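Novice: Please see the structure below; I have some questions.
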Amino acid sequence: MTSQEPQRPSVDDLEAAFVDAFGQAPDGVWSAPGRVNLIGEHTDYNEGFVLPFAIDRTARVAIRRRDDQRVRLMSSYAGADPVEADLSELSPDALHGWEAYPLGVVWALQQEGVDVPGFDLYLESSVPTGAGLSSSAAIESAVALSLNDLAGAGFSRPRLVQVGRRAENEVVGAPTGILDQSASLLSTDGHAVFLDCRTQESDAVPLDLAAANLAILVIDTKVSHAHATGGYGDRRASCEKGARMAGVPSLRDLAVADLPRLSSVLDEETYRRVRHILTENERVLQTVKLLRDQGPTTIGPVLNASHDSMRDDFEISCPELDLAVSTAQQAGALGARMTGGGFGGSAIALLSTSDQDRIQSAVLAAFATAGFRRPDVFVVEPGQGATRLR
Ligand code: GLA
0 MTSQEPQRPS
10 VDDLEAAFVD
20 AFGQAPDGVW
30 SAPGRVNLIG
40 EHTDYNEGFV
50 LPFAIDRTAR
60 VAIRRRDDQR
70 VRLMSSYAGA
80 DPVEADLSEL
90 SPDALHGWEA
100 YPLGVVWALQ
110 QEGVDVPGFD
120 LYLESSVPTG
130 AGLSSSAAIE
140 SAVALSLNDL
150 AGAGFSRPRL
160 VQVGRRAENE
170 VVGAPTGILD
180 QSASLLSTDG
190 HAVFLDCRTQ
200 ESDAVPLDLA
210 AANLAILVID
220 TKVSHAHATG
230 GYGDRRASCE
240 KGARMAGVPS
250 LRDLAVADLP
260 RLSSVLDEET
270 YRRVRHILTE
280 NERVLQTVKL
290 LRDQGPTTIG
300 PVLNASHDSM
310 RDDFEISCPE
320 LDLAVSTAQQ
330 AGALGARMTG
340 GGFGGSAIAL
350 LSTSDQDRIQ
360 SAVLAAFATA
370 GFRRPDVFVV
380 EPGQGATRLR
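Position 386 of the sequence shown, counted from 1, bears residue number 385 in numbering that gives the first Met the number 0, the numbering being contiguous throughout.
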């Protein structure tokens, strides 16, 4: 089975689009992927463990350096006129729309002391927006990597992760952690990235689905979510409150064995929020061990347990995500869970390739019966992290 990536322009087409837009050839083309988080949700900003993988859908940028302080931005999906900005006048409050991602990265690099040169940029992306697959981190990571090269800044990839996160936190305004940018910048083909968000140390874990006749199906519920407002920030605040009440700097300093003690220290809701984080960290470690020792066929029950914890303890699921997960499970998936920040976006199901059509039909039928919007259902493959293409 092949992944169902939509038809997209070749790198030559992208260069031609750049020439059309700006009249000259670009200096280079860079690409960075979206991600699926296999397991480890809301653990990143609690300095815990995550296990995402890059997907075979990417944002690509063609860039040419300029001799002045101007930036001109075009994308295949925004208006026909470039967005223009002056490098000396960037301010987080003044950046909105899609340009907040590339210009947010420029601003964050400037804050880190990089002398970013003027440039023209053309963006094209096959990461669906609003699906919870980190389309924004894909743009941020492609821009961070390309400007790092263009400016000769010499930042390491973990440092570029922090640049992308800073853009997301301080310019876009979403109080997120380092999961998405890490997946985009640190992934290697055919592997998931096991990341310790406290030390930023990462390790590649084999995720050879094809060899086991398995696939990961994404079910994009089309329920929109925005992490700059609402539930995401509330959950983060609950975790910080839990750590404060437990007398530790971060929930990373607690473990499942502390739960009995915590039940008398924390209020009922905070206790459940904390229980999700502590058990989820355990599940990431368990998944890494299973993948290394026995391969992907064995991880289904851990994925299912993760979904239950997000639905009942952390309360970040929604009826559409729950239906996607339960339908896939009942139709024979080895495991299924929502992925990403929650409150909408996508679920994933791990399944035998021979069951894909049946499970896909069952999910579509269940959504139709429930009167929900038709979801987008497609297979993703673990792909490579951000790279220079040309
Ligand atoms: C979003 C955020 C990440 C992470 C996940 C939940 O994707 O951007 O930093 O917190 O939610 O795991």
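Beta carbons: idealized from backbone N, C-alpha and C, even for Gly. For clarity, every value in this text was computed on a predicted model and none was experimentally measured.
(1) So which of 343, 341 and 354 has the shortest CA-CA distance to residue 334?
(2) Please classify residue 164 as buried or exposed, where buried requires at least 16 other C-beta atoms within 10 Å of its C-beta.
(3) Please give the ranges of any alpha helix (DSSP H) in the region 301-380, keeping only runs that are unbroken, at least 4 residues long and fully inside the region.
(4) Just checking, does the region 138-153 make contact with the region 178-185 on the three C-beta pairs under 8 Å criterion?
(5) Going straight from the alpha carbon of residue 1 to that of residue 209, what length do you get?
(6) Excluding the 5 residues flanking residue 289 on each side, which residues of the same chain have their C-beta closer than 6 Å to its C-beta?
(7) Using alpha carbons as the reference points, say which of 275, 151, 268 and 236 lies closest to residue 254.
(8) Please determine whether the Cβ atom of residue 179 lies at a distance below 6 Å from any heavy atom of the ligand GLA.
(9) Straight-line CA distance for residue 249 to residue 239?
(10) Tell me, please, which residues DSSP counts as bridged to residue 203.
(11) Can you name the start and end residues of the alpha helix (DSSP H) that residue 27 belongs to?
(12) Measure the beta-carbon distance from residue 56 to residue 126 and round it to whole angstroms, keeping in mind my assumption that it falls under 8 Å.
(13) I'd like to check one pair, residue 25 with residue 54: are the Cβ atoms closer than 7 Å?
(14) Take residue 389 and list the residues in its own chain whose beta-carbon comes closer than 7 Å to its own, dropping the five residues that flank it on each side.
(15) Would you call residue 95 buried or exposed, if buried means 16 or more other Cβ atoms sit within 10 Å of its Cβ?
(16) Using DSSP's beta-bridge definition, name the partner residues of residue 124.
(17) Using 8 Å as the threshold, is the region 155-169 in touch with the region 99-111, meaning 3 or more CB pairs across them?
(18) Go through the region 200-240 residue by residue and report every complete run of the beta strand (DSSP E) that reaches 3 residues or more, in order.
(19) According to DSSP, is residue 21 helix, strand or coil?
(20) Write down the C-beta distance between residue 322 and residue 377 rounded to the nearest angstrom, noting that I regard them as a contact closer than 8 Å.
(21) Run through DSSP, which three-state label would residue 0 get?
(22) Provide the residue(s) that pair with residue 48 in DSSP beta bridges, ordered along the chain.
(23) How far does the alpha helix (DSSP H) with residue 266 in it reach, from first residue to last?
(24) Taking only heavy atoms of the ligand GLA into account, decide whether any of them is closer than 6 Å to the Cβ of residue 275.
Specialist: On the basis of the coordinates in this document:
(1) As a working note, residue 334 is residue 335 in the sequence shown. With distances taken between Cα atoms, residue 334 lies closest to 354.
(2) Here residue 164 is taken as the residue at index 165 of the sequence shown, counted from 1. Burial call: buried.
(3) 318-329 and 355-369
(4) Contact annotation: the region 138-153 touches the region 178-185, with at least three C-beta pairs closer than 8 Å.
(5) Position 2 of the sequence shown, counted from the start, is the residue given in the question as residue 1. Position 210 of the sequence shown, counted from the start, is the residue given in the question as residue 209. In this predicted model, residue 1 has a pLDDT of only 42, less than 50, meaning its place in the structure is not dependable; the value taken from the coordinates is given anyway. So the alpha carbons of these two residues sit roughly 10 Å apart.
(6) Locating residue 289 in the sequence shown gives position 290, counting from the first residue. Cβ within range, chain order: 297 and 298.
(7) For the purposes of this step, residue 254 is taken as residue 255 along the sequence shown, with counting starting at 1. Comparing Cα positions, the closest option is 275.
(8) Here residue 179 corresponds to residue number 180 of the sequence shown, with the count starting at 1. Checking every heavy atom of the ligand GLA against the Cβ of residue 179, one is found closer than 6 Å.
(9) Working through the sequence shown from its first residue, we reach residue 249 at position 250. Working through the sequence shown from its first residue, we reach residue 239 at position 240. A straight-line Cα-Cα distance of about 7 Å links residue 249 and residue 239.
(10) Looking up residue 203 in the sequence shown gives position 204. 192.
(11) By one-based count along the sequence shown, residue 27 stands at place 28. Not the alpha helix (DSSP H): residue 27 falls in the beta strand (DSSP E), residues 27-38.
(12) On the sequence shown, residue 56 is found 57 positions in, with the first residue counted as 1. On the sequence shown, residue 126 is found 127 positions in, with the first residue counted as 1. About 5 Å; that satisfies the 8 Å criterion.
(13) As a first step, residue 54 is located in the sequence shown; it is residue number 55 there, counting from the start. As a first step, residue 25 is located in the sequence shown; it is residue number 26 there, counting from the start. Against a cut-off of 7 Å, the Cβ pair of residue 25 and residue 54 comes out as no contact.
(14) In the sequence shown, counting from the first residue as 1, residue 389 sits at position 390. Answer for residue 389: 10, 27 and 28, listed in chain order.
(15) On the sequence shown, residue 95 is found 96 positions in, with the first residue counted as 1. Under this definition residue 95 is an exposed residue.
(16) Residue mapping note: residue 124 aligns to position 125 of the sequence shown, counting from 1. 58, per the DSSP bridge assignment.
(17) yes
(18) 200-205 and 213-219
(19) Residue 21 sits at position 22 when you count from the first residue of the sequence shown. Residue 21 falls in the helix class under three-state DSSP.
(20) By one-based count along the sequence shown, residue 322 stands at place 323. By one-based count along the sequence shown, residue 377 stands at place 378. Going by Cβ atoms, the distance from residue 322 to residue 377 rounds to 18 Å, so no, they are not a contact pair.
(21) What you label residue 0 is simply residue 1 of the sequence shown in a count that begins at 1. Low per-residue confidence applies at residue 0: pLDDT is 38, beneath 50, and the placement is therefore not dependable, though the value from the model is reported in the following sentence. Reduced to three states, the DSSP call for residue 0 is coil.
(22) The residue given as residue 48 occupies position 49 in the sequence shown. The partner list for residue 48 (beta bridge, DSSP) reads 195.
(23) Here residue 266 refers to the residue found at position 267 of the sequence shown. For residue 266, there is no enclosing alpha helix (DSSP H), as DSSP marks it with neither H nor E.
(24) Translated into the one-based positions of the sequence shown, residue 275 becomes position 276. Result no, Cβ not under 6 Å from the ligand GLA.
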